[in-house]
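Quick notes on the structure that follows.
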Amino acid sequence: LKAANVRLLSHEVLDPGRLTLVVEGDLAACRAALDAGSAAAQRTGRVISRREIGRPEEDTQRLIAGFQRLPQTPEPPVVVESSEPLLTLLSSTRQGMTAGEVAAHFGWSLEEARKALEQLFSTGALRKRSSRYRLKN
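Shown next, in the form of structure tokens:
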């Protein structure tokens, strides 16, 4: 988004590794922003495919209007049924794990994994550095 004058309307993570972006702005600017993001992800070798819809029809624009960001209300904290399997997994990895790695391991959604990790972090059981969580020593 810093590569061009565009506005992000929606960012949805479908599962670890797949996401959908809805970007608004001049078509060339939107393509430049998508090119820059795709190039950055390509350097890690993780771009499988990319699809853009430029100048959508009126019907499509009405659908996209539903993607406009709304103010988010804070959600109640998620109660992790048992944190033992997660703590055991984290104790086996010295460098820690990201929410995406935890989600892939347990078959959780990315949001479930992030909430479980953040809950353990807020109780003081985990340390967080960048996007990696690891056990406190």
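Its first residue numbered 1, the sequence shown is counted upward by one per residue in full-length UniProt numbering.
No residue lacks a Cβ here, since even glycine has one placed at the ideal position from N, Cα and C.
- Looking from the CA of P56, the closest CA among A125, V22, S130, L14 belongs to V22.
- Counting every other CB atom within 10 Å of its CB across the protein chains shown gives A28 a total below 16, marking it as exposed.
- Rounded to whole angstroms, the Cβ separation of S92 and L120 is 15 Å, and the two are not in contact under 8 Å.
- Of the candidates R7, R18, L8, R18 places its Cα closest to the Cα of S109.
- Here DSSP, grouped into helix, strand and coil, assigns D59 to helix.
- G25 sits in a strand when the DSSP states are folded into three classes.
- CA-CA distance, R114 to A99, rounds to 5 Å.
- Looking at the DSSP output, S10 sits in a beta bridge with V22.
- DSSP, reduced to helix, strand and coil, places R114 within a helical segment of the structure shown.
- Between the alpha carbons of Q95 and D26 lies a gap of roughly 42 Å.
- DSSP, reduced to helix, strand and coil, places R50 outside both helices and strands of the structure shown, so it counts as coil.
- The alpha-carbon separation between L89 and Q42 amounts to approximately 29 Å.
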